[in-house]
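Take a look at the structure below.
Residue numbers (this note's numbering): 21 to 229.
Rendered as structure tokens:
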């Protein structure tokens, strides 16, 4: 989540950065909804106008099941993620409850017969005491790769070429005298046709960045 907070005269100041457009909104005692912004379950923040449209109920139900499975795996003491490293004993205590929550969620989703996506989200949030303002990943342009962030693209490219960020950084620093020299090489490699800077966007949201 990209959020900055501070305090002035007992009022909290918050600013939120849209991870699709890069635009920043800020104000005192303000939340995402005040700026017509929202957050997905994976922490991506963006304007509501970028929410994906045209999703059917079955696709969203499947996405919610996948998210429930992801949450379960994240709390599995036998599959400790970096986030919970060092908390294995606590996970062992939480995991039975997590499995119960997963079973309830999947059973509820399988039996749900409504055909309206918005009602599904509201009903699911009410049934499981979830925040209805946090969008499932199915609606997120970043989770669905309709908008690809530079960081995610870089991670993919590094994996493809078999490099680490540290190793590639060292090579760049050794080969080029400064940013101008690096930019010139990027332009040459791309034959002057590609803009290597700025957001990389593929596909469409209901309003392009």
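Yeah, the Cβ is synthetic: ideal placement off N, Cα and C, and Gly gets one too. Since this is a predicted model, take the numbers as computed values, not measurements.
- Separation of residue 171 and residue 74 (C-alpha to C-alpha, rounded to the nearest whole angstrom) is 28 Å.
- Residue 34 and residue 60 have their C-alpha atoms spaced approximately 18 Å apart.
- The Cβ atoms of residue 67 and residue 41 lie closer than 8 Å to each other.
- Counting every other CB atom within 10 Å of its CB across the protein chains shown gives residue 44 a total below 16, marking it as exposed.
- In the DSSP assignment, residue 47 forms a beta bridge with 34.
- Leaving aside the five residues that flank residue 147 on each side, the residues in its chain whose CB is nearer than 7 Å to its CB run, in chain order, 128.
- The C-alpha of residue 111 lies about 12 Å from the C-alpha of residue 91.
- The three-state secondary structure of residue 120, taken from DSSP, is helix.
- The alpha-carbon of residue 166 is positioned some 20 Å away from that of residue 56.
- Out of 176, 181, 159, 142, the CA that lies nearest to the CA of residue 58 is found in 159.
- Remark: fewer than three beta-carbon pairs, one from each stretch, lie closer than 8 Å, so the region 81-99 and the region 182-190 are not flagged as touching.
- Residue 59: member of the beta strand (DSSP E) spanning 57-60, first to last residue.
- Take residue 205, set aside five residues on each side of it, and the residues of its chain with a beta-carbon closer than 7 Å to its own are 196, in chain order.
- Taking residue 85 as the centre and dropping the five residues before and after it, the same chain places the C-beta of 126, 129 closer than 7 Å to its C-beta, in chain order.
- Only residues of its own chain outside the window of five on either side were considered, and among them 22, 23, 44, 45, 46, 52, 55, 57, 65 have a CB closer than 8 Å to the CB of residue 36, listed in chain order.
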